[in-house]
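> In our numbering, the protein residues as written are 5 to 291.
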Amino acid sequence: MPELPEVETVRRQLGPKLEGQTVESIEVYSEKQTDSDHEYEASLIGKKFSNIKRIGKLLIFSFYNESNLFLLGHLKMTGQLLFMHRGQVITAGGHTMSESDLELPNRHTRIQFNLKSGDTLFFNDLRKFGYLKIANLEEVKSVKSKYGPEPIDPDFDCGYFYQTISKSSQPIKALLLDQSKFAGLGNIYVDEALFRAKVLPMRSANEITKAESLLLCKDTGDVMRESIAVGGTTFRNFTDTNGEEGNFKDYLRVFGKQGQPCPNCGTMINKIKLRGRGTHFCPGCQK
DNA sequence: CGGATTGTTCTTCC
DNA sequence: CGGAAGAACAATCC
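1) Can you tell which of 22, 190, 202, 235 has the C-alpha that lies nearest to the C-alpha of residue 285?
2) In terms of residue numbering, what span does the alpha helix (DSSP H) encompassing residue 47 cover?
3) Between which two residues does the alpha helix (DSSP H) holding residue 54 run?
4) In its own chain, which residues sit with a C-beta less than 6 Å from the C-beta of residue 77, not counting the 5 before and 5 after it?
5) Determine contact between the segment 201 to 219 and the segment 156 to 167, defined as no fewer than three beta-carbon pairs at a distance below 8 Å.
6) Can you have a look at residue 90 and say buried or exposed, based on whether 16 or more other CB atoms are within 10 angstroms of its CB?
7) Cβ-heavy atom distance between residue 228 and the ligand SAM below 7 Å?
8) Could you compute how far the alpha carbon of residue 122 sits from the alpha carbon of residue 58?
9) Comparing alpha-carbon positions, which option in 33, 200, 74, 213 lies nearest residue 147?
10) Take residue 30 and list the residues in its own chain whose beta-carbon comes closer than 8 Å to its own, dropping the five residues that flank it on each side.
11) Can you round the beta-carbon distance between residue 82 and residue 129 to whole angstroms, since I take them to be within the 8 Å contact cut?
12) Buried or exposed: which applies to residue 277, given that a residue is buried once 16 or more other Cβ atoms fall within 10 Å of its Cβ?
13) Counting along the chain, where does the beta strand (DSSP E) carrying residue 124 start and finish?
14) Return the bridge partner residues of residue 274 from the DSSP annotation.
Below, the structure written as structure tokens:
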């Protein structure tokens, strides 16, 4: 379940590998995930990748000498971007995995970019929910405008945070998941941040005290920054561009820990369904 | 084999 | 008109 830290991990790894690479040909195995009115191959073949930016969980690919051409990439729940260097995937540990080990392309490969260098970029997605679609500048601007500020931003304003949550009677968890208010949090990091701030996920947002709000504001940023530092979280399907798992799974305190003792107080971690989402919390120390 | 899984958008309702 | 809440979507796992 890629959230901001997982998408940022992919962005940091893929950016330097793709920069300056020219698209030679494209294989589209799943038409709907290009989700585009534009001619996909005609628009992209011969184009040279420049930088990759990110807002929330959305990746924005740019191209040299193209001010009106972008690729918008969303991994949704099970998307992966895998980079193959001359037939081999090189892991962070320096080991090489052969093409046959990863079997790329495989039955989950939805889009494949063959690059002039001989390198290949694979977009894999077990469920066909993510996309890699073409957008022009106007569309990019429009999409960007729908996202709120990011808690990992050094300038993230905890005054704005408090003002925003104090206007709503929704459960605090629902507000934290609203990408138009705060960008990047998903189910895992919301549960973890609420645990750290000792706030119950079902509390009405407008009943959160200012002191609790300050803690929660800080913890949303902290938990995602700490995760980025260790390559994100792999709970089920996420891998980085080398097919490797993220290490923040070893630091989760409540997500997936139902039935286990709370690391703070020893109370059993509870799991409920809140607004249709699996929700983990400690009934002992979260208030 | 029914239910759970989640990010986002769509639909419905008030 | 807008907020709130559930359904839909996809494809697998348990």
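The beta-carbon is built from N, C-alpha and C at its ideal position, and this holds for glycine as well.
Taking the structure as given:
1) 202
2) 44 to 48
3) Segment 53 to 59 is the beta strand (DSSP E) holding residue 54; no alpha helix (DSSP H) there.
4) 63, 136
5) yes
6) exposed
7) The ligand SAM is not part of this structure, which contains no ligands at all.
8) 26 Å
9) 74
10) 44, 45, 48, 49, 115, 116, 117, 118
11) 6 Å
12) exposed
13) 124 to 129
14) 285
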